[in-house]
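Chains as they are written, first to last, in the working numbering: chain V, 1 to 244; chain D, 1 to 244.
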């Protein structure tokens, strides 16, 4: 028995997130179908994270166990043949049998893209939030530092979130601009449901003066979802890096 | 009566090209619907070019005649409110009543994007042709110079093309690379049906040795469609510039 770990990339536009669901197409299901064609059997594939409907992945990891003696490079080529154009396998390597793509992860980085041009860019419709009022990326970068550290992020998660431990350690947060595109990058040992999207919605509220500069530490401490901003839409969000 | 000229931009993925057709959604139809909402009547809108199904426009011009005394800036804002996210109006200006977006055009520039990475990029699925064999952009740039000048391009147009005069003057052609993306840019006073896509398909044949370097002038002169390459797919093609 070998455990293979695949690094993949996907455009989440057409998918209801990673995890298999009834009556909705997910990345996991489509990946399992391709695996079945290549490996000749229905194998359980494990992902590194649940992602929401419409969320993208620049880097995502999937593992499966097989007895097949297939070269890693050939597994990549074969899977890409059977996967649709919006999912790509980038690499494959063998890992030890106690490796788990989700639980072996040290930290993850998400990036949220905001297109800050006055007029929307039709080519970014599914790839960045369009926000036409000028973003003050320097202010938002300073404010975002309040997220860094170990905090109970209950106030930054959706009611759907049923985990018991809501403390997460944010290693780094950064807001920066490249021309009309503003990026929010955040690294943590884990993320609660909708956590990054609520962080982004809260930063937008700060930009609009609906939340005052300096108030973020208190809002985090309050554990009160209603004091944070709205949940930003999924199509600007990318799982960007997974570190093992 | 005033003639307004709109500069627009669109992602052609969801459309069967510009021109209104039975049983297929086109950019013209969707634009006319938005115009009807803003101007209160069904107006004839004229485009600068027919574009094929799936082809994009970084820059496209549309005109209409109206008696309405609407400020140009407000017309832009209002149309963007009623247009879907994959079509944007960038600007509007009044032009003289003898201006025609198609016939007043001095020249147009198209660009064709080829993603030349070994593994496909899921985010470029609808925005660039994926071609995994290494492209020799310097060779192709030299070869593409054969397109420049006034030529009868009958051999580089589809049978659907029923125009009488098939001579077009190509002002410039260029192949260049930025990392894994290779661009073919071509400027001409006009283009026959599928002309750019057949030029690209022919360059790919040169890259593959199916057409020898140096043969292009003879292939153009032959006026024989079967000697040129395949018609490259539409999703890599962008109308990039229209000069009046």
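C-beta atoms are modelled at their ideal positions from N, C-alpha and C, and glycine is treated no differently. Note that the structure is predicted; figures quoted are calculated from it, not measured.
Environment of residue i [buried if 16+ CB atoms lie within 10 Å]
i: residue 137/V; result: buried
i: residue 213/D; result: exposed
i: residue 125/D; result: buried
i: residue 167/V; result: exposed
i: residue 74/D; result: exposed
i: residue 113/D; result: buried
i: residue 108/V; result: buried
i: residue 207/D; result: buried
i: residue 21/D; result: exposed
i: residue 13/D; result: buried
i: residue 115/V; result: buried
Own chain, CB closer than 7 Å to residue i, minus 5 neighbours either side, in chain order
i: residue 195/D; result: 153, 156, 157
i: residue 150/D; result: 167, 169
i: residue 66/D; result: 2, 4, 39, 43
i: residue 90/V; result: 7, 8, 9
i: residue 224/D; result: 155
i: residue 217/D; result: 146
i: residue 48/V; result: 60, 61, 101, 102, 105, 242
i: residue 233/V; result: 129
i: residue 222/D; result: 155
i: residue 81/V; result: none
i: residue 29/D; result: 20
i: residue 121/V; result: 115
Close Cβ partners of residue i (< 6 Å) along its chain, the five nearest in sequence each way excluded
i: residue 173/V; result: 144, 147, 148, 186
i: residue 111/D; result: 183, 185, 238, 240
i: residue 198/V; result: 156, 228, 231
i: residue 243/D; result: 106, 107
i: residue 68/V; result: 39
i: residue 104/V; result: 244
i: residue 83/D; result: 34
i: residue 78/V; result: 38
i: residue 220/V; result: 151
i: residue 178/V; result: none
i: residue 23/V; result: none
Integer-rounded CB distance, given that residue j should sit under 8 Å from residue i
i: residue 59/V; j: residue 94/V; result: That pair is no contact at about 19 Å.
i: residue 175/D; j: residue 129/D; result: Their Cβ separation, rounded to whole angstroms, is 13 Å, which puts residue 175/D and residue 129/D out of contact at 8 Å.
i: residue 87/D; j: residue 183/D; result: Contact doesn't hold; Cβ gap of about 24 Å is too wide.
i: residue 117/D; j: residue 180/D; result: 4 Å
i: residue 25/V; j: residue 18/V; result: Going by Cβ atoms, the distance from residue 25/V to residue 18/V rounds to 11 Å, so no, they are not a contact pair.
i: residue 46/D; j: residue 62/D; result: 7 Å
i: residue 15/D; j: residue 123/V; result: Going by Cβ atoms, the distance from residue 15/D to residue 123/V rounds to 14 Å, so no, they are not a contact pair.
Residues that residue i contacts on chain A, provided the C-beta gap is smaller than 8 Å
i: residue 120/D; result: Absent from the structure is chain A; the protein chains it does hold are V and D.
Contact set for residue i: own chain, Cβ-Cβ below 8 Å, skip 5 residues either direction
i: residue 119/V; result: 132
i: residue 76/D; result: 6, 89, 90, 91, 92
i: residue 96/V; result: 3
i: residue 134/D; result: 116
i: residue 171/D; result: 107, 148, 187, 188, 189
Near-chain D residues of the region 125-158 of chain V (beta-carbon distance less than 9 Å), N- to C-terminal order: Within the region 125-158 of chain V, the residues whose Cβ lies closer than 9 Å to some Cβ of chain D are 125, 126, 127, 130, listed in chain order.
Three or more C-beta pairs below 8 Å linking the region 26-36 of chain D and the region 96-108 of chain D: Here the region 26-36 of chain D does not lie against the region 96-108 of chain D, with fewer than 3 beta-carbon pairs under 8 Å apart.
contact_flag[the region 205-219 of chain V, the region 179-196 of chain V] where n(CB pairs < 8 Å) is 3 or more: No, the region 205-219 of chain V is not in contact with the region 179-196 of chain V.
Residues of the region 18-42 of chain D with Cβ closer than 7 Å to any Cβ of chain V, in chain order: The residues in question: there are none.
Residues of the region 2-19 of chain V whose Cβ lies closer than 7 Å to any Cβ of chain D, in chain order: Hits within the stretch, in order: 9, 10, 11.
Segment contact flag, the region 219-234 of chain D with the region 201-208 of chain D, C-beta cutoff 8 Å, min 3 pairs: Taking 8 Å as the limit for Cβ pairs, the verdict is that the region 201-208 of chain D does touch the region 219-234 of chain D.
Cβ contact (3+ pairs, closer than 8 Å) linking the region 49-56 of chain D and the region 232-239 of chain D: The region 49-56 of chain D, when compared against the region 232-239 of chain D, does touch it at the 8 Å Cβ threshold.
Interface positions of the region 98-118 of chain V facing chain D (Cβ-Cβ less than 7 Å), listed along the chain: Of all residues in the region 98-118 of chain V, none places a beta-carbon less than 7 Å from a beta-carbon of chain D.
Within 7 Å of chain D by C-beta, residues of the region 191-223 of chain V in sequence order: Residues: none.
Members of the region 171-184 of chain D near chain V, C-beta cut-off 8 Å: For the region 171-184 of chain D, the beta-carbon criterion of a distance under 8 Å to any beta-carbon of chain V is satisfied by none of its residues.
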